[in-house]
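In the numbering used here, the protein residues as written are 1 to 461.
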Amino acid sequence: MSASAEEVLDRLSTEICVRINSTAALVTDMGRAAAAIDRQRARKQDEKEPSSRKPELGPLRGADRQDLVSTPWNLLSVFARATTLARHGRGRGLAEHWQGLKYCQAMAAGPNGHLALTDDGQSPELSYRAMQARELGRAFGLAVAERTVRNQFPDHIVSTMDAEAILLAGFARSGPRPSLGARPRPDFFIEAWRPGGRSRVFVVTVNGNHQKATKRTAKADRSAFKQLARGSERAEHFHLAEWNTTPCLLMSTELLSLDGITVNALRAPGEGLLPARPATGRGSADAVLSERNLAYAGAVEASADGGKERIQDGFLVPRKELGWYGQLLARTGAAGQLAFAGAGTEIAQYLTEKQGHKHYRQQTFAGSSSVRDARHTIGPTVYVGTDQVFRLNRIRVEAFSGISEELYELLIKGQVEEYRSRAYELRDTYPTSTTATLWGPVSFGNDGTVMALRVLPMNEP
Numbered sequence: 001m002s003a004s005a006e007e008v009l010d011r012l013s014t015e016i017c018v019r020i021n022s023t024a025a026l027v028t029d030m031g032r033a034a035a036a037i038d039r040q041r042a043r044k045q046d047e048k049e050p051s052s053r054k055p056e057l058g059p060l061r062g063a064d065r066q067d068l069v070s071t072p073w074n075l076l077s078v079f080a081r082a083t084t085l086a087r088h089g090r091g092r093g094l095a096e097h098w099q100g101l102k103y104c105q106a107m108a109a110g111p112n113g114h115l116a117l118t119d120d121g122q123s124p125e126l127s128y129r130a131m132q133a134r135e136l137g138r139a140f141g142l143a144v145a146e147r148t149v150r151n152q153f154p155d156h157i158v159s160t161m162d163a164e165a166i167l168l169a170g171f172a173r174s175g176p177r178p179s180l181g182a183r184p185r186p187d188f189f190i191e192a193w194r195p196g197g198r199s200r201v202f203v204v205t206v207n208g209n210h211q212k213a214t215k216r217t218a219k220a221d222r223s224a225f226k227q228l229a230r231g232s233e234r235a236e237h238f239h240l241a242e243w244n245t246t247p248c249l250l251m252s253t254e255l256l257s258l259d260g261i262t263v264n265a266l267r268a269p270g271e272g273l274l275p276a277r278p279a280t281g282r283g284s285a286d287a288v289l290s291e292r293n294l295a296y297a298g299a300v301e302a303s304a305d306g307g308k309e310r311i312q313d314g315f316l317v318p319r320k321e322l323g324w325y326g327q328l329l330a331r332t333g334a335a336g337q338l339a340f341a342g343a344g345t346e347i348a349q350y351l352t353e354k355q356g357h358k359h360y361r362q363q364t365f366a367g368s369s370s371v372r373d374a375r376h377t378i379g380p381t382v383y384v385g386t387d388q389v390f391r392l393n394r395i396r397v398e399a400f401s402g403i404s405e406e407l408y409e410l411l412i413k414g415q416v417e418e419y420r421s422r423a424y425e426l427r428d429t430y431p432t433s434t435t436a437t438l439w440g441p442v443s444f445g446n447d448g449t450v451m452a453l454r455v456l457p458m459n460e461p
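Encoded structure:
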């Protein structure tokens, strides 16, 4: 029997442990899978030499390796916040804006107390299995990645952005529609920032799979290990200033692990430092950003085995462009915040033409776009944003995503630096609870965002 709407909302707001696997043995197992991938490619003659992968990979450190304690709703919120500007969702249609809602009934505590897929989650229609693996894999992987960065920089705010949305501004190929083509690339960038300071940037790859691996499954055949190996290739295709100085986090989520949903995680060291920005003037994030046409082919000078230099393709942001890249992150992050709150044409001011400025500048037709037309007081804060009403087992349920009204007003005025300063000042004033009065599951961000769910009162339209 399906759970009632109230039971589903209660499950979504209950904290449960998510297993983390990050050990030296995982590095070895990934290496075996990588070697098998290279052998298969050699047989098919797909490549003249093995693909380059991120060097110095190792397990997470210290507390980062502990199980993640989170609510299913917060996991879905992490995914929602990070994908508001994803390429497939630039139309701001409700289906894209609320793509995580279809997983409301997909997760619950398993027999061992760890988070696992429910019967509903284990039996998606075949056409949706790949989508579920990709999207839920990202939800879990990003949550672990964000926690890792927060642990390392507890006095910073963490912002996650879709990598393609960022890279389009500097590396788009020529053509009628800006595109990065089939070039391998990471999935997300995480920026740890504080006003007036130097930001830190992490490269992130995330994947998920439905494999039911057993002790008899060969290391080279484990989907998680192969996903980490391929993620290492994609991470190796992005560098700041010079080769191998940008930290990365590689994640692969096993949705059907026998011990419950398990996130396999690896890291590579690096500083990923960006220069500090002035609060005003051309170098600030308030200034309109120009696009770049940065080299990709043969752009990276890397060290091969034995210390020899080799040239490889990749997205390299030259040292002289690091200030521009920092502005790009801040402005694209601002666009993402507005999109999360359902803003419309105001988003366009923060994006370049190749990122979709023209699209956001145009009004979309009624009924297809998320519109900033909702306002709620949740806890001590007034939030403005957008909502979606849907039925959960015949019960009408409202989902709301928004941002603090004070911060929203700064963003629509184009005041990114003031927004960041004020968001940093307010970061410790938001609730940390998993629910709120008159609401069911709630996810509060220390950046002033919120995502909440409730059974719609009978007298509301």
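Heads up, the beta-carbon is just placed ideally off N, CA and C, and yes, glycines get one too.
Same chain, Cβ closer than 7 Å to residue i, five either side skipped, listed in chain order
{"i": "ARG361", "result": "THR345 and ALA348"}
{"i": "LEU328", "result": "ILE166, ALA169 and LEU289"}
{"i": "GLY367", "result": "Because GLY367 sits at a pLDDT of 38, beneath the cut-off of 50, its placement in the model cannot be relied upon, and the point is left open."}
{"i": "VAL416", "result": "ALA285, ASP286, ALA330, ARG331 and ALA334"}
{"i": "GLU146", "result": "VAL78, VAL158, THR160 and ILE190"}
{"i": "ALA24", "result": "PRO59"}
Distance between residue j and residue i (C-alpha atoms, nearest Å)
{"i": "ARG150", "j": "ALA192", "result": "8 Å"}
{"i": "MET107", "j": "GLN152", "result": "29 Å"}
{"i": "GLY402", "j": "ALA374", "result": "8 Å"}
{"i": "GLN337", "j": "GLN99", "result": "17 Å"}
{"i": "LEU407", "j": "ALA35", "result": "49 Å"}
{"i": "TYR296", "j": "PRO318", "result": "11 Å"}
{"i": "THR217", "j": "THR253", "result": "17 Å"}
{"i": "MET161", "j": "THR148", "result": "16 Å"}
{"i": "PHE315", "j": "THR28", "result": "27 Å"}
{"i": "SER303", "j": "ARG310", "result": "6 Å"}
{"i": "ASN209", "j": "LEU115", "result": "16 Å"}
{"i": "VAL203", "j": "CYS248", "result": "4 Å"}
{"i": "ALA241", "j": "LYS320", "result": "8 Å"}
{"i": "PRO59", "j": "THR262", "result": "15 Å"}
{"i": "GLU425", "j": "ILE37", "result": "48 Å"}
{"i": "VAL442", "j": "PRO111", "result": "25 Å"}
{"i": "PHE188", "j": "THR83", "result": "9 Å"}
{"i": "VAL450", "j": "HIS376", "result": "10 Å"}
{"i": "HIS156", "j": "ARG394", "result": "42 Å"}
{"i": "GLY62", "j": "LEU76", "result": "26 Å"}
{"i": "GLN227", "j": "GLN211", "result": "12 Å"}
{"i": "ASP120", "j": "TYR103", "result": "9 Å"}
{"i": "ASP10", "j": "TYR430", "result": "21 Å"}
{"i": "ALA229", "j": "MET30", "result": "6 Å"}
{"i": "GLY197", "j": "PRO275", "result": "8 Å"}
{"i": "GLY414", "j": "ARG194", "result": "18 Å"}
{"i": "LEU258", "j": "TYR419", "result": "45 Å"}
Cβ neighbours of residue i in the same chain (closer than 6 Å, five flanking residues each side left out)
{"i": "ALA109", "result": "ILE16"}
{"i": "ARG454", "result": "GLU398, TRP439 and GLY440"}
{"i": "PRO178", "result": "LEU168, ALA172 and LYS354"}
Whole-number beta carbon distance between residue j and residue i, since they are thought to touch under 8 Å
{"i": "PRO186", "j": "ALA235", "result": "5 Å"}
{"i": "HIS237", "j": "THR246", "result": "In fact, because the Cβ distance is near 11 Å, the residues do not count as touching under 8 Å."}
{"i": "ARG292", "j": "TRP243", "result": "19 Å between Cβ atoms; not a contact."}
{"i": "ALA220", "j": "ALA80", "result": "About 35 Å separates the two Cβ atoms, so there is no contact after all."}
Helix, strand or coil at residue i according to DSSP, with G and I counted as helix
{"i": "VAL78", "result": "helix"}
{"i": "TRP73", "result": "helix"}
{"i": "SER52", "result": "coil"}
{"i": "ALA330", "result": "helix"}
{"i": "SER401", "result": "strand"}
{"i": "SER179", "result": "strand"}
{"i": "GLU301", "result": "strand"}
{"i": "ASN21", "result": "strand"}
{"i": "LEU9", "result": "helix"}
{"i": "VAL442", "result": "strand"}
{"i": "VAL27", "result": "helix"}
{"i": "ASN293", "result": "coil"}
{"i": "TYR383", "result": "strand"}
{"i": "ARG216", "result": "coil"}
{"i": "MET1", "result": "Model confidence at MET1 stands at a pLDDT of 47, short of 50, so the residue's coordinates are unreliable; what they give is reported in the following sentence. The answer is coil: DSSP assigns MET1 none of H, G, I, E or B."}
{"i": "GLY62", "result": "helix"}
Residue i, buried or exposed, once every other Cβ within 10 Å from all chains shown has been counted against 16
{"i": "PHE365", "result": "Unreliable placement is indicated for PHE365, whose pLDDT of 38 sits below 50; no coordinate value is reported for it."}
{"i": "ASN207", "result": "buried"}
{"i": "GLU301", "result": "exposed"}
{"i": "GLN66", "result": "exposed"}
{"i": "MET251", "result": "buried"}
{"i": "GLY175", "result": "exposed"}
{"i": "LEU68", "result": "buried"}
{"i": "GLU164", "result": "buried"}
{"i": "TYR128", "result": "exposed"}
{"i": "ARG39", "result": "exposed"}
Neighbourhood of residue i by C-beta, 8 Å cutoff - its chain only, sequence neighbours within 5 removed
{"i": "GLY281", "result": "ALA287"}
{"i": "LEU101", "result": "LEU76, GLN388, PHE390 and ALA399"}
{"i": "ARG396", "result": "VAL389, PHE390, VAL455 and LEU456"}
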